[in-house]
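Everything on this sheet refers to the single structure shown next.
This is the structure in structure tokens:
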């Protein structure tokens, strides 16, 4: 374990740079202007006896290059965007954690960046305040996977806990992967930063607040973890059910829905096991269509939750009004 002083010495800003220099920051450019942020970054939804609140942490705009979709030509990607009247030179990637307010407590699903990320991120604390909550009101943080945009918000830049009274629940298979020394040593240099970041952020947490969960485990009455492997080795979703209503937080099941829901067999560059991610995407989307369940995605356009419908050989995301 790293104590607070060691954590400060390492510097979470540096660990964020390790993760995002390869996947976000080096792609960020002022050429296309800043990303479009929602005018109001809070959206509430009643779910039986519970409430689900989308809280936008910000967004990043990145040029659309050949590397973003790994298994189809760039022109095909641009054509799909153009058919939906979307820009073809760049994509906006939003970041939206969700707060589940239940009789068992307040559960925050993923964390955003806190004050560690690029300037168009780090909005979560303000959104929480607008929704009537303080960071101290969060009882539980549920992490879907260990990519930096999901975990770096656990700590502020000064090393303090962003949610000081919360237990932090992490997927056991995900934790096992990123804390496996053999896997880290075998990783290419460009990937080692993600291992180091996970160890600095998660490894620095006090042992009495870090709770490992297994896929399929109930975290609280009506709140259950579900396996969604592929994007990372242990990524998990969270299903929330109350009084016959269902919401599924799908985390990074799909990155940009206008691309990877519409064409679910396409592979975004961030999927660590593209074939497993593809199978998981189709399995989960088929279930959401069949169950007519409300779905929320971390990178879905705000308000980031709505329904999934079939569209051609794929699906489309229909946000709530």
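Residue numbers (full-length UniProt numbering): 1 to 321. Think of the CB as a built atom: it goes at the ideal place given N, C-alpha and C, for glycine as much as any other residue.
- Closest option to residue 283, judged by alpha-carbon separation, among 224, 308, 300 and 268: 308.
- The beta carbon of residue 195 sits closer than 8 Å to the beta carbons of 178, 183, 184 and 187 from its chain, once the five residues preceding and following it are set aside; these are given in chain order.
- The three-state reading of DSSP puts residue 171 in strand, counting E and B together.
- Secondary structure note for residue 245: its beta strand (DSSP E) is the uninterrupted segment 245 to 249.
- A direct Cα-to-Cα measurement between residue 52 and residue 264 gives close to 26 Å.
- Looking at the DSSP output, residue 92 sits in a beta bridge with 61.
- Taking the Cα positions, residue 317 is about 14 Å away from residue 251.
- Secondary structure in the stretch 121 to 150: the beta strand (DSSP E) runs of 3 residues or longer, each lying completely within the stretch, are 140 to 142 in chain order.
- Within the model, the alpha-carbon separation for residue 221 versus residue 170 is close to 18 Å.
- Counting only residues of its own chain and dropping the five nearest sequence neighbours on each side, residue 135 has a CB closer than 8 Å to the CB of 125, 128, 162, 163 and 164.
- For residue 287, the enclosing alpha helix (DSSP H) starts and ends at 274 to 291.
- In the assembly as shown, residue 321 is an exposed residue. Its beta-carbon has fewer than 16 other beta-carbons within 10 Å.
- A residue is called buried when at least 16 other Cβ atoms come within 10 angstroms of its Cβ; residue 262 meets this threshold and is buried.
- Beta bridge pairing from DSSP links residue 319 with 306.
- Bridge partners of residue 106 according to DSSP: 101.
- Boundaries of the beta strand (DSSP E) harbouring residue 225: 223 to 227, taken from the DSSP string.
- By the neighbour-count criterion, in which 16 or more other beta carbons inside 10 Å mark a residue as buried, residue 70 falls on the exposed side.
- The DSSP-derived three-state label of residue 161 is strand.
- The C-alpha of residue 231 lies about 24 Å from the C-alpha of residue 89.
- A distance below 6 Å between beta-carbons, with the five flanking residues on each side excluded, links residue 277 to the following residues of its chain, in chain order: 230, 231 and 271.
- Put simply, the stretch 146 to 155 does not touch the stretch 71 to 79. Fewer than three CB pairs are less than 8 Å apart.
- Boundaries of the alpha helix (DSSP H) harbouring residue 199: 189 to 201, taken from the DSSP string.
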